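J.:
Residue numbers (the numbering used here): 111 to 249.
As structure tokens, then:
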């Protein structure tokens, strides 16, 4: 069913970040992980607002922001589509990964780890195999 937005049920809103930003980030994650393919059409505003259980104004704000960022584009009377600009998607993926790594490094520094210790821990854990995130993907 093309009116469905993947598995948005796994999106649990947190009270510290505006809902429209959380939905934007979720859509971006779907794009960079190829769950939403470049050039594919997004569901209608009404369908998305029902699936995310938010107002259509919230979805319109999400789409407006994503369009300003060049991640989606609108074809009047046809629908909203994900960019086909693979450089844009690659840059988005790199930017998102940089934010994650910076947050991780900041947290590790709060625990008193040096850069070398952080690198050692990452290597040790990745060599050991599955992380909790990997084992949770199948649940």
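Just so you know, even glycine gets a beta-carbon here, dropped at the ideal spot from N, CA and C. Since we're looking at a predicted model, the values are computed, not measured.
For the segment 160-215, which segments carrying the alpha helix (DSSP H) assignment without a break, of at least 4 residues, lie completely within its bounds, in sequence order?
T.: 166-178
J.: Taking 6 angstroms as the limit between beta carbons, can you name the residues of its chain near residue 152, skipping five residues before and five after?
T.: 190
J.: Grouping DSSP H, G and I as helix and E and B as strand, with all else coil, what is residue 237?
T.: When DSSP states are grouped into helix, strand and coil, residue 237 belongs to the helix group.
J.: Opposite residue 76 in the DSSP bridges: which residues?
T.: This structure cannot speak to residue 76, because the chain is shown only from 111 to 249.
J.: Determine the direct distance from the alpha carbon of residue 198 to that of residue 149, and round the result to whole angstroms.
T.: 12 angstroms
J.: Should the segment 171-179 be regarded as contacting the segment 224-242, the criterion being three or more beta carbon pairs within less than 8 angstroms?
T.: Touching, no.
J.: Does the segment 181-189 come within contact of the segment 157-166, defined as at least 3 CB pairs closer than 8 angstroms?
T.: no
J.: For residue 206, collect the residues of the same chain with a Cβ closer than 7 angstroms to its Cβ; drop the 5 residues on either side in sequence, then sort them by chain order.
T.: These residues qualify, in order along the chain: 138, 142.
J.: Grab me the residues of residue 204's own chain with a C-beta within less than 6 angstroms of its C-beta, minus the 5 sequence neighbours each way, in chain order.
T.: Correct list: empty, nothing qualifies.
J.: In whole angstroms, what is the alpha-carbon distance linking residue 221 and residue 179?
T.: Looking at the two C-alpha atoms, the distance is approximately 35 angstroms.
J.: Taking only three categories from DSSP, how would you classify residue 217?
T.: Residue 217 falls in the helix class under three-state DSSP.
J.: Relative to the C-alpha of residue 134, which residue among 211, 170, 238, 144 is closest?
T.: 170
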